[in-house]
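Here's the structure we're looking at; comments come further down.
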Amino acid sequence: MTDYKYLMDKAKEVSANAYTPYSKFNVGACVLADSGNIYTGCNFENASYGLSICAERNAIGTAIANGEKKIKAVAIYSPNMENCSPCGACRQVIYEFKSDEGVVVLTELNGEIISHSIDDLLPGGFSL
Ligand code: THU
C-alpha cells in the first residue's frame, strides 16, 4: 500500500527550497517511481520569467536522470495555496511517464490528501 502521506510530507519539505524571488509562490513535488524509489523537486524561477521550472517537472527530471522510466504517483504541495494542482504543461509531462496503472496525482486540502488520476486531469492527453 502506497504511503501517500509520506509522499506529501516530502513534497512539503522540499517546497521550502523553492527559488521564487519573483512570484514568491513555493511549490514542492514528490514522485513515486515504478521502482518504489522517490524523487523530489521544487520550482525555481529566473529573471527571464518564462524560463521558470515547475516543481513537478523538476522532480520528474530527477527521476528520469536516475534511470526511472515510469511513475506511479506525484504529490504536490504549496504553502501558498490549498489543493495546488499541476499546471497544464506539468499534466502533459506527468502523462508522458504514466505507469501501467496510471499516475495518481495528490494534493492537500484542509489537511486531507486528495487524489486524482492523471487521465481525469488531462483527458485525451497527447502521446506518440
Ligand atoms: N508552479 C509550479 O511549480 N507547479 C505548478 O503546477 C504551478 C506553478 C510554479 C511556477 C512558478 O514558479 C510559480 O509556481 C508561480 O506560477
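The opening position of the sequence shown corresponds to residue 0 in numbering that gives the first Met the number 0, with each subsequent residue numbered one higher.
All C-beta atoms in this analysis are idealised placements derived from N, C-alpha and C, irrespective of residue type, glycine included.
State buried or exposed for residue i, treating a residue as buried only when at least 16 other CB atoms are found within 10 Å of its CB.
i: M80; result: exposed
i: G27; result: buried
i: N57; result: buried
i: A54; result: buried
i: S126; result: exposed
i: Y48; result: exposed
i: K23; result: exposed
i: A88; result: exposed
i: S14; result: buried
Run through DSSP, which three-state label would residue i get?
i: T1; result: coil
i: C89; result: helix
i: S34; result: coil
i: S14; result: helix
i: K97; result: strand
Relative to the alpha-carbon of residue i, which residue among the options has its alpha-carbon at the smallest distance?
i: D119; options: L127, V73, R90 and E67; result: R90
i: Y76; options: I70, C86 and K68; result: C86
i: L50; options: Y21, V104 and I63; result: Y21
i: A74; options: S116, N16, P122 and S126; result: S116
i: N16; options: P78, E107 and C83; result: P78
i: E107; options: E100, E95, C83 and G124; result: C83
i: N36; options: F43, G110, I52 and N65; result: N65
i: T39; options: P122, D8 and L121; result: D8
i: A46; options: L121, Y5 and T19; result: T19
Could you name the residues that DSSP lists as bridge partners for residue i?
i: S22; result: Paired residue(s): none; S22 is not in a bridge.
i: M80; result: S77
i: V102; result: DSSP, once it has assigned bridges, lists no residue as partnering V102.
i: G27; result: C41 and Y76
Confirm, please, whether the CB-CB distance from residue j to residue i is below 8 Å.
i: A133; j: V103; result: Look at the range of the chain in this structure, 0 to 127, and you will see that residue 133 is not part of it.
i: T1; j: L31; result: yes
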